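In the numbering used here, the protein residues as written are 24 to 471.
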């Protein structure tokens, strides 16, 4: 009896100890040092569209005594790409902005906590797990992949921004970026950086790039793009072709299924025709990203290839006699699929929300959004930000066109299942074992 009584009397303490231990593990995971590097000179420091910080409420009552106010941590979960501690310009820009924010808020400290990008222990996984186990340890802000933002919204981790962000900022976002952060009519994320795929071609072999399928199929040069899928899911490059045939959602009936057999067969037929004419080499099934097609283009293995804007921006100096163009689709230029990461408000506390949104707005200012993306080799998400890039550079003009045309990834309830079925269809057609019509019918049957 004495032993049982001892156990019953101490179990709350044991439970409390376990909770504190779990909290310590979560907090210690991948923490970024709070000391930030010295910012490089010449980094933009303006902070437009900022909002006033909340005023601290002093203690009152007979026992209240004056005391030095505690430092308020503003916690941001980030990934390595958005770390302020690296010795690169984009990192120094973030460090500079954090220092500016702390200077205007002397009782506040901006703390960046580093997380993996994806998967187990990645950003989304940590947000969902922490919200379930110890919600008090959630950050104020987080950088979230726009393709994972919907899950964060559905889980209640992301907070709506509509009444907290100026309408001027929201309307200045490129349409695809605004759509990527909007769910059920409410904005839950501000896309901070963007990437997309486009065409690069050898001007020594082609005077004019092809503008549509007929131009591609009559082109004598080899054309490279990824068709091998990523993690078993179809590449964006095929979605560009399919959505050019069947825009989504259909204007005539938004409730129609995403896959339409005739439209899918047409896009698959284009792949089959390119392979049968020797324009699309069978090796494209071994390409899983545009990095693969770009690498072989650099080796001179093709006249045309798909490349991500990020890879092109960071390595364009390595290529000569090359130019860029939109991806050719059925009847003209295809609309690229926009990708990227968004600043997401996590804290539900109104006072902390005001501070978090003020810092978010500071980072989203046109000058800072332009400077960070330029330094990191990505595309800005605000129209006013791209206006800060070099207008004499032809790529700036091309990027403006592509950003205006870009579309967010289609929101399909069973997207993973659909994208897997599409990849199987692509492989079946390129391998020559199945007709486009049969592959299309089989894909649709798999997602029913």
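Beta carbons: idealized from backbone N, C-alpha and C, even for Gly. Only a predicted model underlies this, so the values are computations on that prediction, with no experimental measurement involved.
query, result
"Rounded to whole angstroms, how far is the Cβ of residue 349 from the Cβ of residue 221, which I believe are closer than 8 Å?", "6 Å"
"Classify residue 459 as buried or exposed, calling it buried when 16 or more other Cβ atoms lie within 10 Å of its own Cβ.", "buried"
"Have a look at residue 123 and residue 312 and give me their C-alpha separation to the nearest angstrom.", "38 Å"
"If you reduce the DSSP assignment to three classes, tell me which class residue 351 lands in.", "strand"
"When DSSP labels each residue in this structure, what does residue 272 get in the three-state scheme?", "coil"
"Nearest to residue 394 by alpha carbon, out of 126, 253, 117?", "117"
"Quick check on residue 253: does DSSP put it in helix, strand or coil?", "strand"
"Give the list of continuous beta strand (DSSP E) stretches no shorter than 3 residues that lie fully inside the segment 162-216.", "164-168"
"Rounding to the nearest angstrom, what Cα-Cα distance links residue 391 and residue 120 in this structure?", "9 Å"
"If you draw a straight line from the C-alpha of residue 453 to the C-alpha of residue 309, how long is it?", "11 Å"
"Measuring only the C-alpha atoms, how far is residue 191 from residue 204?", "16 Å"
"Could you give the DSSP three-state label for residue 310: helix, strand or coil?", "coil"
"Compute the distance between the beta-carbons of residue 352 and residue 267, then report whether it is under 8 Å.", "yes"
"With DSSP collapsed to three states, give me the class of residue 101.", "strand"
"Nearest-angstrom Cα distance between residue 250 and residue 293?", "13 Å"
"Where does residue 275 land, buried or exposed, given buried means 16+ other C-beta within 10 angstroms?", "exposed"
"Tell me which same chain residues have a C-beta within less than 7 Å of the C-beta of residue 424, skipping the five on either side of it?", "none"
"Which first and last residues belong to the alpha helix (DSSP H) in which residue 380 is found?", "373-386"
"Using 8 Å as the cut-off, can you tell me whether the segment 243-257 makes contact with the segment 369-384, which would need three or more C-beta pairs spanning the two stretches below that distance?", "no"
"Just the Cα atoms here: how many angstroms apart are residue 449 and residue 280?", "19 Å"
"Between residue 457 and the rest of its own chain, which residues show a CB-CB distance below 6 Å, the 5 nearest in sequence each way excluded?", "451"
"Could you tell me which residues DSSP puts in a beta bridge with residue 330?", "221"
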